[in-house]
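Asker: Residue numbers (numbering that gives the first Met the number 0): 0 to 125.
Every residue, glycine too, gets a C-beta built ideally from N, C-alpha and C.
In this text the structure is predicted, and so the values were computed from the model without any measurement.
Dumping the structure here so I can ask a few things about it.
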Amino acid sequence: MENRKGEETKSECTFGFHDFVIDIGNTTFACHTVKMDNCLYLWVGDSREKAMNDLSFAIESPLEKEPVATKILGSIANDASSNLAKRLSKKLSKPVYVSFNVQVNISLPAIERKLQEEFNAHPEIF
């Protein structure tokens with residue numbers, strides 16, 4: 000970006016990054032968040048694989064009681080990321096992207112409990 004004198008000015012990055020792990024039983028999941036000005040991105044998956052095979056987006060709507068969500072990437076048969084994005088959007092009152100790259104047989108409520116613990120421990124990140 001240039002100012003009136005033609006000099007280049009740099010904008011400060013307002014993104015916040017936070018990485019943590021979730022241990023459930025004998026399984027460890029990596030979690031990465033990116034806090035942007037008006038939304039949050041959450042990636043959950045295998046720390047060794049680091050794939051992004053799934054992505055959903057949720058946002059609150061003045062016309063609906065619950066946030067609305069859409070699947071951007073991945074199978075629509077697996078609605079775990081959409082459901083998680085809706086719950087987080089409602090809780091945080093902001094749009095949320097969720098990339099949930101976890102096998103379906105893993106307990107989603109257990110993962111959500113661990114996410115809630117992390118949110119409570121680091122509210123400034125979310």
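Starting from Ile110, follow the alpha helix (DSSP H) in both directions and report where the run begins and ends.
Answerer: Your numbering for residue 110 matches position 111 in the sequence shown. Element bounds for Ile110: Leu107 to Ala120.
Asker: Below 8 Å on the Cβ atoms is my guess for Phe28 versus Ile124; work out the distance and round it to an integer in Å.
Answerer: Within the sequence shown, the letter at position 29 stands for residue 28. Within the sequence shown, the letter at position 125 stands for residue 124. That belief does not hold up - the Cβ atoms of Phe28 and Ile124 are roughly 17 Å apart, past 8 Å.
Asker: From what residue to what residue does the beta strand (DSSP E) around Ser139 run?
Answerer: The shown model of the chain, from 0 to 125, leaves out residue 139, and the question about it has no answer.
Asker: Grab the span of the beta strand (DSSP E) containing Lys85 for me, first residue to last.
Answerer: Start at 1 with the first residue of the sequence shown, and residue 85 comes out as number 86. First-last for Lys85: Ala79 to Leu91, but that is the alpha helix (DSSP H), not the beta strand (DSSP E).
Asker: Alpha carbons only, please: which of Glu11, Ala76 and His17 is nearest the one belonging to His121?
Answerer: Along the sequence shown, one-based indexing puts residue 121 at 122. Minimum Cα distance to His121 is reached at His17.
Asker: Under the rule that 16 or more other beta-carbon atoms within 10 Å means buried, what is Asn100, buried or exposed?
Answerer: As a working mapping, residue 100 is identified with position 101 in the sequence shown. Result: buried.
Asker: Taking just the CA atoms, how far does Gln115 sit from Leu72?
Answerer: By one-based count along the sequence shown, residue 72 stands at place 73. By one-based count along the sequence shown, residue 115 stands at place 116. Going from the Cα of Leu72 to the Cα of Gln115 covers about 25 Å.
Asker: Just how far apart, CA to CA, sit Phe56 and Glu117?
Answerer: Reading the sequence shown from its first residue, position 57 is the one you call residue 56. Reading the sequence shown from its first residue, position 118 is the one you call residue 117. The alpha-carbon atoms of Phe56 and Glu117 are separated by roughly 21 Å.
Asker: What number of angstroms, rounded off, separates the C-alpha of Asp135 from the C-alpha of Val33?
Answerer: Not covered by the structure: residue 135. The range shown for the chain is 0 to 125.
Asker: Going by beta-carbon coordinates alone, are Leu107 and Leu39 separated by less than 8 Å?
Answerer: The residue given as residue 107 occupies position 108 in the sequence shown. The residue given as residue 39 occupies position 40 in the sequence shown. Against a cut-off of 8 Å, the Cβ pair of Leu39 and Leu107 comes out as no contact.
Asker: With 16 as the cutoff for other CB atoms within 10 Å, does Asp53 come out buried or exposed?
Answerer: For the purposes of this step, residue 53 is taken as the residue at position 54 of the sequence shown. By the neighbour-count rule (16 or more Cβ atoms within 10 Å), Asp53 is buried.
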